[in-house]
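A.B. asks: Below is one structure. I have some questions about it.
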Amino acid sequence: MLKSRANGFDPPLRAFHRAVRGESEPDIVTRLALVVATGCYCGYAPVAPGTAGSALGLVVWIGVRALGSPVAEIAVLVVLAAVGVWAASVTERHVSRTDPGIIVIDEVVGMLVTVALLPIGVGVAVAGFLLFRLFDIVKPYPAAACERLPGGWGVMADDVVAGLYAHLVLRGGVWLLAAWGG
35 MLKSRANGFD PPLRAFHRAV RGESEPDIVT RLALVVATGC YCGYAPVAPG TAGSALGLVV
95 WIGVRALGSP VAEIAVLVVL AAVGVWAASV TERHVSRTDP GIIVIDEVVG MLVTVALLPI
155 GVGVAVAGFL LFRLFDIVKP YPAAACERLP GGWGVMADDV VAGLYAHLVL RGGVWLLAAW
215 GG
């Protein structure tokens, strides 16, 4: 059984509390939104769910990169971003909280933005991961302002901006290494 989390999203406890309050189980659409929003339940990680979501983003990137198509990489990014806005909105309504910690689809998409169309490799993956986590935590302007957007837009937008910042720094680093013969 998972440890009870400070934000109250321990799944067995939630089911118990729903039963006590006489609430019904979520419908199939809400369940699908929860699966997407939590990154196939990575968002329920007892420690650092955002980091778990970012790691999932790297796994998705490696899988999409195996297809060998830049078009597929961008298409997956755009589709996940759009579906993420929907799933985050539904999840926020379901749990009655704004940007709850269980939502990690924003980290998945932010990580994909960070490494999009860059050469695949351990160095790029590690540097991209660390840069994205830094920018996601620090939230330089306009990332913090984007959080005030309504619903899933606010959940997703700040991580897309953090991903863009991380991408630009990472792309600059890749360019410098190539220019210096590294």
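In this note's numbering, each residue carries its 1-based index in the sequence shown increased by 34. All C-beta atoms, glycine included, are put in the ideal place defined by N, C-alpha and C.
(1) Is it right to say Gly197 is buried, meaning 16 or more other beta carbons lie within 10 angstroms of its own, or is it exposed?
(2) Below 9 Å between beta carbons: does that hold for Pro19 and Val138?
(3) Please go through the stretch 98-154 and give each complete alpha helix (DSSP H) segment of 4 or more residues, from N-terminal end onward.
(4) Considering only residues of the same chain and omitting the five flanking positions on each side of Ala40, which have a CB-CB separation below 8 Å?
(5) Which residues bound the alpha helix (DSSP H) around Val208?
(6) Taking the straight line between their C-alpha atoms, what separation do you get for Thr148 and Glu107?
(7) Should the stretch 184-202 be called in touch with the stretch 162-173, which here means at least 3 C-beta pairs below 8 Å?
(8) With a threshold of 16 other CB atoms inside 10 Å of the CB of Pro80, please say whether the residue is buried or exposed.
(9) Cα separation between Ala213 and Gly207?
(10) Residues in the same chain with beta-carbon distance under 7 Å from Val156, minus the five sequence neighbours each way, listed in chain order, please.
C.D. replies: On the basis of the supplied data:
(1) The residue given as residue 197 occupies position 163 in the sequence shown. Gly197 is buried by the Cβ-count criterion.
(2) There is simply no residue 19 to check, as the chain begins at 35 and stops at 216 in what is shown.
(3) 104-129, 139-149
(4) Position 6 of the sequence shown holds residue 40. At Ala40, the pLDDT of 46 sits below 50, so the modelled position is not reliable and the matter cannot be decided from this model.
(5) Against the sequence shown, residue 208 aligns to sequence position 174. Residues 185-213.
(6) Numbered from its first residue, the sequence shown carries residue 148 at position 114. Numbered from its first residue, the sequence shown carries residue 107 at position 73. If I take the Cα positions, the gap works out to 12 Å.
(7) yes
(8) As a working note, residue 80 is residue 46 in the sequence shown. Label assigned to Pro80: exposed.
(9) By one-based count along the sequence shown, residue 213 stands at place 179. By one-based count along the sequence shown, residue 207 stands at place 173. Rounded to whole angstroms, Ala213 to Gly207 spans 10 Å at the Cα level.
(10) Taking the sequence shown and counting its residues from 1, the one referred to as residue 156 is at position 122. Here the set comprises nothing.
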